[in-house]
Amino acid sequence: MTTHEEIREVQVKLHQLTHENWYNHDFLTLDWWLLIIVMIFPWIIWWKLVDKDSLIEITLYGLFIALFSGILDTIGFSLGLWSYPNKIVPINPPLFPADFTLLPVTYMLLYQYFTSWKPFIIASTIVFGVYTFAGEPFLEWLGVYTTYSWQYVYSFPIYVAMSVFCRWLVKQMQRIIDKKEKENQLLYTWLYVILQDNKRLREMKEKEPWWESILNLFNK
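Next up, the structure:
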């Protein structure tokens with residue numbers, strides 16, 4: 613029976629082998645610099661294109677995409693469905709730019725420019741169809757991505773489903789926030805009317821600061 617300590621020893625050995633392979637074959641090579649560029653450059657483009665008025669909402673959507681993409685990538689890597697021969701840093705699972713740059717940036721731009729459900733789904737289907745059947749083979753041809761027990765076609769519904777689910781999730785959260793803001797606005801309006809109509813409170817406001825008036829009101 614395999615013990616936890618035996619598993620840990622294998623993990624330590626794996627890390628040592630990964631670090632040795634990374635240092636001798638990846639670090640500062642052309643492929644390594646390419647991964648660095650792919651990791652950074654899309655964010656520069658995104659910052660120039662993103663709608664700053666909706667920055668929080670769009671960024672939240674991108675964070676959900678990065679989260680789910682990272683989780684699914686970790687699962688697939690751990691099951692041996694695919695691997696990444698070239699790594700930015702010597703860790704397993706590797707820090708792959710697609711999970712934290714290419715996919716989030718692409719998804720966020722789709723989210724920004726296609727605000728209705730139907731155009732969004734159509735655009736997502738087209739974009740991730742291209743990414744699945746052209747982008748993934750190209751990455752494998754470059755040698756930065758290798759599939760084993762996985763077919764490109766399997767990725768396509770996952771990409772589309774992830775885009776739809778994360779958009780739905782953000783919209784649900786936005787509805788909750790908007791509803792809460794409306795309730796708060798009604799409460800503030802109600803309190804304002806009461807304060808304006810109450811002669812005693814008006815007199816207290818004239819004698820002492822407004823916040824002390826409210827405090828005194830609740831203490832009596």
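In terms of the numbering used here, the sequence shown is numbered consecutively and its last residue is 832.
Note that beta-carbon positions come from the ideal geometry of N, C-alpha and C, so glycine has one too.
Here the structure is a predicted model, which is why all the values come from computation and not from measurement.
Supposed close pair residue i, residue j - CB separation, criterion 8 Å
| i | j | result |
| --- | --- | --- |
| Tyr757 | Tyr719 | Going by Cβ atoms, the distance from Tyr757 to Tyr719 rounds to 19 Å, so no, they are not a contact pair. |
| Leu707 | Trp762 | That pair is no contact at about 20 Å. |
| Pro705 | Asp685 | 6 Å |
| Gln724 | Ile670 | 6 Å |
| Leu672 | Val782 | 6 Å |
Span of the alpha helix (DSSP H), counted from its first residue to its last, around residue i
| i | result |
| --- | --- |
| Thr630 | His616 to Asn633 |
| Gln724 | Leu715 to Tyr725 |
| Asp638 | No alpha helix (DSSP H) contains Asp638, which DSSP labels as neither H nor E. |
| Phe750 | Glu748 to Leu754 |
| Val742 | Trp729 to Val742 |
| Ser611 | Beyond the ends of the chain as shown, which are 613 and 832, falls residue 611; an answer cannot be given. |
Proximity winner among the options, relative to residue i (alpha-carbon distances)
| i | options | result |
| --- | --- | --- |
| Trp659 | Gly674, Leu646 and Leu647 | Gly674 |
| Phe712 | Phe680, Ile668, Tyr766 and Ser666 | Phe680 |
| Pro702 | Lys792, Val624, Leu781 and Thr801 | Val624 |
| Ser690 | Phe726, Tyr760, Val776 and Gln786 | Tyr760 |
| Ile677 | Lys792, Ile789 and Val776 | Val776 |
| Ser728 | Trp780, Ser767 and Gly755 | Trp780 |
| Val765 | Thr737, Leu642, Leu754 and Gly755 | Thr737 |
| Ser767 | Gln786, Trp753 and Gly747 | Gly747 |
Cβ-based neighbour list, residue i, same chain, cut-off 6 Å, excluding 5 preceding and 5 following
| i | result |
| --- | --- |
| Gln784 | none |
| Leu751 | Tyr757 |
| Met651 | Pro709 and Thr713 |
| Gly688 | Trp694 |
| Ala735 | Leu722 and Phe726 |
| Asp638 | Trp644, Asn698 and Lys699 |
| Asp663 | Gln724 |
| Asn633 | none |
Cβ-based neighbour list, residue i, same chain, cut-off 8 Å, excluding 5 preceding and 5 following
| i | result |
| --- | --- |
| Ser666 | Gln724 |
| Val717 | Pro654, Trp655, Ile657, Trp658 and Gly674 |
| Cys778 | Tyr673, Phe676, Ile677, Phe680 and Tyr719 |
key: Cβ contact check for the stretch 730-743 and the stretch 767-782: 3 or more pairs under 8 Å   = Short answer: they touch.
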